[in-house]
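Numbering (this note's numbering), first residue to last: 578 to 697.
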């Protein structure tokens with residue numbers, strides 16, 4: 578079962594929260610990145626089964642990083658994470674190839690549901 582996950586968020590607290598939710602539910606977090614540029618590097622290095630990607634980050638935003646990852650790996654599975662009120666960005670993300678999105682603040686059930694759905 579593919580369950581190696583890369584977590585991308587500029588907030589360490591958010592990465593910690595997602596990591597906690599995922600590891601408690603049997604997923605393996607293989608890496609973390611704090612901006613889009615780092616996410617692209619880590620994706621190439623780790624080849625995770627799934628990426629959770631924050632949209633709003635310094636250096637390179639999540640949508641740009643998503644596009645770069647999908648250029649290199651069209652089969653990449655990425656779930657976008659966004660704060661409330663970023664619907665336009667979520668639509669951009671889906672059009673750019675995101676498989677799903679979860680809204681902050683995270684609810685554990687929703688995170689697990691999205692991850693399981695995308696990994697199936």
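Backbone N, C-alpha and C fix where the C-beta goes; we use that ideal spot for every residue, glycine too. Note that the structure is a prediction, hence the values are computed from the model and not measured.
- If you look at residue 639, you'll find it isn't in any beta strand (DSSP E); it sits in the alpha helix (DSSP H) that goes 639–649.
- Between residue 592 and residue 583, the alpha-carbon positions lie close to 10 angstroms from each other.
- Exclusion of the five residues before and after residue 676 leaves 654, 655, 656, 695 as the residues of its chain whose Cβ lies within less than 7 angstroms of its Cβ.
- For residue 659, the closest of 588, 581, 601 by C-alpha to C-alpha distance is 588.
- Shown here for residue 607: same chain residues with a beta carbon closer than 8 angstroms to its own, the five before and five after excluded, namely 581, 582, 583, 623, 625 in chain order.
- Of 601, 602, 633, 628, the smallest CA-CA separation from residue 647 is found for 628.
- Annotation for residue 638: 613, 632 place their beta carbon closer than 8 angstroms to its own, counting only its chain and skipping 5 residues before and after.
- With a threshold of 16 other beta carbon atoms within 10 Å, residue 605 falls short and is exposed.
- For residue 603, the secondary structure class from DSSP, reduced to helix, strand or coil, is coil.
- If you draw a straight line from the Cα of residue 645 to the Cα of residue 652, it is about 12 angstroms long.
- Annotated three-state conformation of residue 613 is helix, per DSSP.
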